[in-house]
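Student: According to the numbering used here, the sequence shown is numbered sequentially starting from 46.
Quick reminder that beta carbons are idealized off the backbone N, C-alpha and C, glycines included.
None of the values given here were measured: they were computed from a predicted structure.
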Amino acid sequence: MILFGQKLKVYDPVGARQAAKSTYTSVFAGMQSRARLGEHDGRLSGVEIVIAPWAAYTLFRTPMNALANQLVEPADLLGPRFQCLDERLEACPDWATRFALLDSTLTQWHLDGPRGSARVLWAWQRLNNTAGRIPVHALARECGWSERHLERRFEQQLGLLPKTAGRVLRLRGAVGLLAQGHNGASAASLSGYSDQGHLSREFKNMTGWTLSRFARTRALEHSGPAEVDRGERRPTSLVLPED
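1) Between residue 51 and residue 81, how many whole angstroms is the CB-CB distance? I'm expecting something under 8 Å.
2) DSSP on residue 49, reduced to helix/strand/coil?
3) Quick one: complete alpha helix (DSSP H) runs, 4+ long, within the stretch 72-131?
4) Would you tell me roughly how many angstroms separate the C-alpha atoms of residue 177 and residue 75, rounded to the nearest one?
5) Output the distance between the C-alpha atoms of residue 65 and residue 56, rounded to the nearest integer angstrom.
6) Looking only at its own chain, which residues have a Cβ that is under 6 Å from the Cβ of residue 135, when we skip the five neighbours before and after it?
7) So the beta strand (DSSP E) residue 68 belongs to, where does it begin and stop?
8) Give me the Cα-Cα distance between residue 186 and residue 85, rounded to the nearest whole angstrom.
9) Give the range of the alpha helix (DSSP H) segment to which residue 157 is assigned.
10) State yes or no: is the beta carbon of residue 248 nearer than 8 Å to at least one beta carbon in chain C?
11) What first and last residue would you give for the alpha helix (DSSP H) that runs through residue 261?
12) Answer yes or no: do residue 280 and residue 221 have a C-beta to C-beta separation smaller than 8 Å?
13) How would you call residue 211, buried or exposed, if buried means at least 16 neighbouring beta carbons within 10 angstroms?
14) Classify residue 236 as buried or exposed, calling it buried when 16 or more other Cβ atoms lie within 10 Å of its own Cβ.
15) Starting from residue 170 and walking both ways along the alpha helix (DSSP H), at which residues does that stretch end?
16) Given a threshold of 16 other Cβ atoms within 10 Å of its Cβ, counted over all protein chains shown, does residue 110 qualify as buried or as exposed?
17) For residue 181, which three-state DSSP category applies?
18) Would you identify the three-state DSSP class for residue 55, choosing helix, strand or coil?
19) So what's residue 250 in DSSP terms, helix, strand or just coil?
20) Would you identify the three-state DSSP class for residue 245, choosing helix, strand or coil?
21) Look at residue 283 and residue 248 and say whether their C-beta atoms are less than 8 Å apart.
22) Look at the alpha carbon of residue 168 and the alpha carbon of residue 184, and state the distance between them as a whole number of angstroms.
23) Flag this pair as yes or no: are the beta carbons of residue 232 and residue 244 separated by less than 8 Å?
24) For residue 218, which option in 173, 182 and 141 has the closest C-alpha, if you only look at C-alpha atoms?
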């Protein structure tokens with residue numbers, strides 16, 4: 046997220062009242078296995094770029110496991126490559142020019158970066174296609190690597206271990222089913238959870254919220270789910286009322 050002059054405060058929602066808030070002028074989020082809460086002063090402008098996990102390894106030239114569950118300033122991550130990019134984007138006369146600048150910048154970073162493993166990309170796609178339900182040992186067997194080797198390469202190039210990434214994908218799938226009208230038991234069963242209680246506990250562990258609280262807040266008029274979600278028919282975000 047490249048911001049134009051504003052600041053964003055971010056904190057972990059688990060024990061949010063006691064959590065320390067970190068402030069960013071722009072922010073890069075590595076792969077996350079838990080939710081985050083953000084605050085601003087009522088006005089926030091900039092560009093949000095959603096990057097495929099396998100592409101981030103090439104773009105940023107760094108092991109992604111070093112950035113897993115981390116938030117960092119892009120200038121700290123990229124050094125001179127990020128210099129003044131936020132100011133250049135803000136100064137563009139229109140959005141078409143901004144997008145053209147981003148396209149050329151990201152394309153150059155991608156051309157200059159290290160190539161990821163085709164097997165890691167395959168494993169990520171397989172994990173996505175099964176919504177995180179394929180066991181790691183089966184994924185490794187299909188990939189042709191040992192389980193340990195797959196874990197090491199997957200974590201290096203994507204950020205999370207395959208099992209953790211699978212947990213995230215399973216939860217996303219279950220929440221998507223709930224949003225489509227499935228009841229808790231059906232969503233849990235179809236997503237690979239042992240029962241509805243298992244799904245509820247996993248949601249609470251990874252977000253700090255209960256499923257019922259999340260659903261109630263999503264239903265509020267201000268939450269604007271169509272505008273804030275990052276996946277079609279997959280609720281990922283909500284806007285909270287001012288405290």
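Tutor: Short version:
1) Along the sequence shown, read from residue 1 onward, the residue named residue 51 stands at position 6. Along the sequence shown, read from residue 1 onward, the residue named residue 81 stands at position 36. 17 Å between Cβ atoms; not a contact.
2) As a working mapping, residue 49 is identified with position 4 in the sequence shown. Coil.
3) 98-105 and 119-123
4) The residue you call residue 177 lines up with position 132 of the sequence shown. The residue you call residue 75 lines up with position 30 of the sequence shown. Answer to the nearest angstrom: the Cα atoms are 19 Å apart.
5) Sequence index remark: in the sequence shown, residue 65 carries index 20 (1-based). Sequence index remark: in the sequence shown, residue 56 carries index 11 (1-based). Roughly 6 Å between the two C-alpha positions.
6) Indexing the sequence shown from 1 puts residue 135 at position 90. Counting only Cβ-Cβ distances below 6 Å, and skipping sequence neighbours, we find 49.
7) Residue numbering aside, residue 68 sits at position 23 when the sequence shown is read from its first letter. From DSSP, the beta strand (DSSP E) with residue 68 extends over 67-69.
8) Taking the first residue of the sequence shown as 1, we reach residue 186 at position 141. Taking the first residue of the sequence shown as 1, we reach residue 85 at position 40. The straight-line gap from Cα to Cα measures roughly 46 Å.
9) Within the sequence shown, residue 157 is the residue found at index 112, counting from 1. Boundaries of the alpha helix (DSSP H) around residue 157: 140-157.
10) Among the chains of the structure shown, chain C does not appear; only one protein chain is present.
11) Against the sequence shown, residue 261 aligns to sequence position 216. Start and end: 256-264.
12) To locate residue 280, count along the sequence shown from 1; it is residue 235. To locate residue 221, count along the sequence shown from 1; it is residue 176. The Cβ atoms of residue 280 and residue 221 lie closer than 8 Å to each other.
13) Working through the sequence shown from its first residue, we reach residue 211 at position 166. Classification for residue 211: buried.
14) One-based indexing of the sequence shown puts residue 236 at position 191. Burial call: buried.
15) Counted from its first residue, the sequence shown places residue 170 at position 125. Taken as a continuous stretch (DSSP letters only), the alpha helix (DSSP H) holding residue 170 covers 163-174.
16) As a first step, residue 110 must be located in the sequence shown, where it is residue number 65. Buried, because 16 or more other Cβ atoms sit within 10 Å of the Cβ of residue 110.
17) By one-based count along the sequence shown, residue 181 stands at place 136. DSSP places residue 181 within a helical segment (H, G or I) once states are collapsed to three.
18) The residue labelled residue 55 in the question sits at position 10 within the sequence shown. When secondary structure is reduced to three states using DSSP, residue 55 falls in the strand class.
19) For the purposes of this step, residue 250 is taken as residue 205 along the sequence shown, with counting starting at 1. Three-state result, residue 250: helix.
20) In the sequence shown, the residue the question calls residue 245 occupies position 200. Looking at residue 245 - three-state DSSP - the assignment turns out to be helix.
21) For the purposes of this step, residue 283 is identified with residue 238 of the sequence shown, where counting begins at 1. For the purposes of this step, residue 248 is identified with residue 203 of the sequence shown, where counting begins at 1. Going by C-beta atoms, residue 283 is not nearer than 8 Å to residue 248.
22) Position 123 of the sequence shown, counted from the first residue, corresponds to residue 168. Position 139 of the sequence shown, counted from the first residue, corresponds to residue 184. Their backbone Cα atoms lie some 7 Å apart in a straight line.
23) Along the sequence shown, one-based indexing puts residue 232 at 187. Along the sequence shown, one-based indexing puts residue 244 at 199. In this structure, residue 244 lies closer than 8 Å to residue 232 by Cβ.
24) Here residue 218 refers to the residue found at position 173 of the sequence shown. Measuring from the Cα of residue 218, the nearest candidate turns out to be 173.
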